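Worksheet: the structure to be examined is printed underneath.
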Amino acid sequence: MEKRIRELLAAIVHPETERDLVASGFVEHVAAAADKATVVLRFAKGRDPFAVKIKKAVEEALRREFPAAEVLVVVKEGGAAPRPEPKTTSSAGDIARVIAIASGKGGVGKSTVAANLAVALRNRGFRVGLLDADIYGPSQPKMFGVEGYVPDAVREEGVDRIVPADAQGIELMSIGFFIKPDDALLWRGAMAVSALKQMIHQTKWGPLDFLLLDLPPGTGDIHLSIVGELKIDAAVIVSTPQQVAVADVVRGVELFRNENIAVPVAGIVENMAWFTPEELPDNRYYLFGRGGARRYAEEHGIELLGEIPIVQSIMEGAEEGRPAAGIDPRVERYYREIADKVVTAVMKG
Ligand code: ADP
4 MEKRIRELLA AIVHPETERD LVASGFVEHV AAAADKATVV LRFAKGRDPF AVKIKKAVEE
64 ALRREFPAAE VLVVVKEGGA APRPEPKTTS SAGDIARVIA IASGKGGVGK STVAANLAVA
124 LRNRGFRVGL LDADIYGPSQ PKMFGVEGYV PDAVREEGVD RIVPADAQGI ELMSIGFFIK
184 PDDALLWRGA MAVSALKQMI HQTKWGPLDF LLLDLPPGTG DIHLSIVGEL KIDAAVIVST
244 PQQVAVADVV RGVELFRNEN IAVPVAGIVE NMAWFTPEEL PDNRYYLFGR GGARRYAEEH
304 GIELLGEIPI VQSIMEGAEE GRPAAGIDPR VERYYREIAD KVVTAVMKG
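The structure is reproduced here in structure tokens:
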């Protein structure tokens, strides 16, 4: 009976891996008795969008084959991806790795990339936190639809801690929870820095596998003080095709590579790399030039982590508080690749 159960599982294909459940390595346990069939499946991701559908398909197949038996299908999610070793950090909590997302200029999609990368890492089963440190335009609360969140403070071992928002399974802390968007520009450097320090050290994080930092655009004092507060394990630079050639990106990369800062640059993400109209899905229009990021990456010995086209669902997802990497399979695929490359880069370091 057990052999027959495995044959049935081998006939069910996971839509994403495009392989059957056995070949995908998703079958953790099979047990059979005269009146009982038990299957335990473990999916690689923390939240597999197909989990419910596949569980049903397995139950149906087993019931059809063994009408008299009691059928039990258990789905476990996540756990296939190796977690980074935890390391002891200061007061910032139990955080294994810190990844900064930076850009030379505003408007290139840095915050969008940070949000979607956080979702892609979550989908891989990692425990993820996101610190929105973009004081000039904190946009993460909107990206995750938690604008109204008012952080609670709890006292823990004599210290006040601020509770992050639960943003679709991601721990989110944003400077936007504390200031009105219109006031952001009035913040002087010192005020912003002290608020950021507080968010870094007093947030009740984790335990986390990855903390993503959505940095302000450019290369200012704020960057230097954040780097001084928190050991950053890797930087991801976001650029559009137009911006990649200009001095801002170069300065951004050089900031991290500066010997006093020495943050490894995991690579560059080219955002809005091309446009594909809905009705001509095979056409790519390189509105702002082509291959710039790839060339830049090659010339400077930096990895090209990925190229993301202009996609309507990315823009709409940002407006509606649901990052597209969590709902649009096409976007999910782009970000899954970037997430895997970032994880590899960070694990090496
Ligand atoms: P930044 O953080 O660099 O200032 P944002 O992440 O706020 O930039 O993005 C700027 C605007 O561009 C937002 O409206 C966002 O929805 C949109 N956007 C970013 N990336 C894409 C993309 N790949 N496709 C479509 N729209 C995008």
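For the sequence shown, position 56 matches number 59 in the numbering used here, and the numbering has no gaps at all.
Note that CB positions come from ideal geometry on N, CA and C, so glycine has one too.
Since this is a predicted model, take the numbers as computed values, not measurements.
Quick check: is any heavy atom of the ligand ADP less than 7 Å from the C-beta of residue i?
i	result
G112	yes
S142	yes
S317	Note that residue 317 is Ile in the sequence shown, not Ser. Yes, the ligand ADP has a heavy atom inside 7 Å of this Cβ.
S106	yes
I313	yes
G109	yes
T222	no
A37	no
A123	no
N263	no
T115	yes
A275	Looking at the sequence provided, one finds Met at residue 275 rather than Ala. At least one heavy atom of the ligand ADP is nearer than 7 Å to the Cβ of M275, so yes.
A328	no
A170	no
A321	yes
Report the CB separation of residue i from residue j in whole angstroms; it is logged as a contact under 8 Å.
i	j	result
A328	Y338	4 Å
L134	M176	5 Å
K207	V157	7 Å
G192	D155	That belief does not hold up - the Cβ atoms of G192 and D155 are roughly 28 Å apart, past 8 Å.
V101	D186	The pair is not a contact, with the Cβ atoms about 27 Å apart (cut-off 8 Å).
N430	I311	Outside the displayed span of the chain (4 to 352) sits residue 430, for which this structure offers no information.
R9	V43	Going by Cβ atoms, the distance from R9 to V43 rounds to 13 Å, so no, they are not a contact pair.
H17	L24	6 Å
Exercise for review: Return the chain-ordered ranges of every alpha helix (DSSP H) run that is complete within the stretch 86-157 and spans a minimum of 4 residues.
Suggested key: Counting only runs of 4 or more residues that sit fully inside the stretch 86-157, the alpha helix (DSSP H) segments are 113-126, 143-146, in chain order.
Q.
Taking 8 Å as the cut-off, does the stretch 117-133 touch the stretch 190-205 (at least 3 CB pairs, one atom from each stretch)?
A. With the cut-off at 8 Å, the stretch 190-205 and the stretch 117-133 do not touch.
Exercise. Touching or not, the stretch 338-348 and the stretch 113-127, by the rule of three or more beta carbon pairs under 8 Å?
Worked result: Pairwise C-beta distances place the stretch 338-348 in contact with the stretch 113-127, as three or more of them are shorter than 8 Å.
Using 8 Å as the threshold, is the stretch 65-76 in touch with the stretch 315-323, meaning 3 or more CB pairs across them? No contact exists between the stretch 65-76 and the stretch 315-323.
At what residue ranges does the stretch 217-289 contain a whole run of the beta strand (DSSP E), taking only runs of 3 or more?
237-242, 268-278, all fully within the stretch 217-289.
Original post:
Do the stretch 96-116 and the stretch 218-228 meet, that is, are 3 or more Cβ pairs less than 8 Å apart?
Top reply: Flag = yes, the stretch 96-116 and the stretch 218-228 touch.
Review point. At a cut of 8 Å, does the stretch 297-315 reach the stretch 266-280 through at least three beta carbon pairs?
Key: Flag = yes, the stretch 297-315 and the stretch 266-280 touch.
Counting Cβ pairs, one atom from each stretch, are 3 or more of them under 8 Å apart for the stretch 136-154 and the stretch 277-287? No, because fewer than three Cβ pairs between the stretch 136-154 and the stretch 277-287 fall closer than 8 Å, the two stretches do not touch.
- Message: My parser needs the alpha helix (DSSP H) runs of 4 or more residues fully inside the stretch 11-77; what are they?
- Response: You should have 54-68.
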